[in-house]
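*Asks:* Quick one: the structure is below, questions incoming.
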Amino acid sequence: MPDSFFAFAILALLLTPGPTNTLLTVGAAARGLRASLPLLLGEILGYLVVVVPLATIGASLLEGRPALAAGLRLLAACWVLFLAIRLWRVSSVEKARSSSAPVTVGQVFLTTLLNPKAPIIGLVIMPHGALVDIAPALGLFSLLVLCAGTGFLTLGGLAGRTPLLSPRLIYRIAAFCLAAFSIGLAGSASGMI
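Shown next, in the form of structure tokens:
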């Protein structure tokens, strides 16, 4: 069964504003929460198409190679820290809000498929093994994707009505969470060698 670090790590990444979350927020701001719920299907499918093969097949590449696994964790920690610094510097999401074209399930799927969070989840955070063995973790992961995605849809729905939260505050909170996650990843990598 996945532990609390697993849930925290997944949520830290999923709740970080990024390309998928931006599409979800913009879609809900333009069409409302209820009309944008199908976008969650594109997000879940996009993540699973990447995460499942990496956690089941990609894991065998790391087996018996603790230095390689630790190196990947350190690389992921650096990437996440880079994202945190980038988010801290963001002060406006007006470009994302100015998009008037409707967001589609296909766009969300493709964006999530290319999202750098997916390989981090599949290779670093998700337990590795046969599909049957990691099924509980995949179930929890899917639930967390739905929860986080619904949060961004809700935020978009609210932002479409009235600007309750400043984009700068949202990005700064996300940057802080990512920095904390990066430190946790780096710490777990040092224990693997």
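In the working numbering, the protein residues as written are 9 to 201.
Heads up, the beta-carbon is just placed ideally off N, CA and C, and yes, glycines get one too.
Assign Ser100 to one of three DSSP states: helix, strand, or coil.
*Replies:* Counting from one through the sequence shown, the residue named residue 100 turns up at place 92. Note that Ser100 scores a pLDDT of 43, beneath 50, so its modelled location is shaky; the value from the coordinates is reported in the next line. Residue state, collapsed to three classes: coil.
*Asks:* State whether the stretch 134–154 contacts the stretch 73–84, with contact taken as three or more CB pairs (one from each stretch) at a distance under 8 Å.
*Replies:* no
*Asks:* For Asp11, does the three-state DSSP call read helix, strand or coil?
*Replies:* Start at 1 with the first residue of the sequence shown, and residue 11 comes out as number 3. Looking at Asp11 - three-state DSSP - the assignment turns out to be coil, as it is neither helix nor strand.
*Asks:* Quick one: Cα of Pro135 to Cα of Val57, how far?
*Replies:* Translated into the one-based positions of the sequence shown, residue 135 becomes position 127. Translated into the one-based positions of the sequence shown, residue 57 becomes position 49. Answer to the nearest angstrom: the Cα atoms are 16 Å apart.
*Asks:* Ignore the nearest five residues each way along the sequence and tell me which others in Gly26's own chain have a CB closer than 7 Å to its CB.
*Replies:* Translated into positions along the sequence shown, residue 26 becomes position 18. Cβ within range, chain order: Asn123 and Lys125.
*Asks:* Go to Ile65, then tell me how far its alpha helix (DSSP H) extends in each direction, as first and last residue.
*Replies:* Here residue 65 is taken as the residue at index 57 of the sequence shown, counted from 1. Where Ile65 is concerned, there is no enclosing alpha helix (DSSP H), given that its DSSP letter is neither H nor E.
*Asks:* Grouping DSSP H, G and I as helix and E and B as strand, with all else coil, what is Ser107?
*Replies:* What you label residue 107 is simply residue 99 of the sequence shown in a count that begins at 1. Any answer about Ser107 is weak, because its pLDDT of 43 lies below 50 and its placement is not dependable; what the coordinates show is given next. Here Ser107 sits in coil by DSSP.
*Asks:* Would you check if there are 3 or more beta carbon pairs closer than 8 Å linking the stretch 52–67 to the stretch 146–165?
*Replies:* Counting Cβ pairs under 8 Å, three or more are found: they touch.
*Asks:* Can you tell me whether Gly137 is helix, strand or coil according to DSSP?
*Replies:* Here the question's residue 137 lines up with position 129 in the sequence shown. It is coil, neither helix nor strand.
*Asks:* Would you decide whether Leu139 is buried or exposed? Buried here means 16 or more other CB atoms lie within 10 Å of its CB.
*Replies:* Taking the sequence shown and counting its residues from 1, the one referred to as residue 139 is at position 131. Looking at its Cβ environment, which holds fewer than 16 other Cβ atoms inside 10 Å, Leu139 is exposed.
*Asks:* Leaving aside the five residues before and after Val116 along the sequence, list all residues of the same chain whose C-beta is less than 6 Å from its C-beta, in chain order.
*Replies:* For the purposes of this step, residue 116 is taken as the residue at position 108 of the sequence shown. Same-chain partners within the cutoff: Leu31, Leu47, Gly50 and Glu51.
*Asks:* Going by C-alpha to C-alpha distance, which of Thr33, Leu22, Gly40 and Val59 sits closest to Pro127?
*Replies:* In the sequence shown, residue 127 corresponds to position 119, counting from 1. Val59 is the residue among Thr33, Leu22, Gly40 and Val59 whose C-alpha sits nearest the C-alpha of Pro127.
*Asks:* Taking the C-alpha atoms as reference points, what is the distance between Arg42 and Leu161?
*Replies:* Reading the sequence shown from its first residue, position 34 is the one you call residue 42. Reading the sequence shown from its first residue, position 153 is the one you call residue 161. If I take the Cα positions, the gap works out to 9 Å.
*Asks:* In three-state terms, what does DSSP make of Asn123?
*Replies:* As a working mapping, residue 123 is identified with position 115 in the sequence shown. In the structure shown, Asn123 sits in coil (DSSP, three-state: anything other than H, G, I, E or B).
*Asks:* Just tell me which of Val132, Thr119 and Ile18 has its CA closest to the CA of Ser196.
*Replies:* To locate residue 196, count along the sequence shown from 1; it is residue 188. Taking only the C-alpha atoms, the option nearest Ser196 is Val132.
*Asks:* Leaving out five residues on either side along the sequence, give the residues of the same chain with a beta carbon under 6 Å from the beta carbon of Leu186.
*Replies:* To locate residue 186, count along the sequence shown from 1; it is residue 178. Only Thr24, Val88, Leu91 and Ala92 meet the Cβ criterion.
*Asks:* Roughly how many angstroms separate the alpha carbons of Leu19 and Gly66, rounded to a whole number?
*Replies:* Working through the sequence shown from its first residue, we reach residue 19 at position 11. Working through the sequence shown from its first residue, we reach residue 66 at position 58. Those two C-alpha atoms are separated by around 22 Å.
*Asks:* Give the DSSP-derived three-state secondary structure of Arg39 in the structure shown.
*Replies:* Within the sequence shown, the letter at position 31 stands for residue 39. Judged by DSSP in its simplified three-state form, Arg39 adopts helix.
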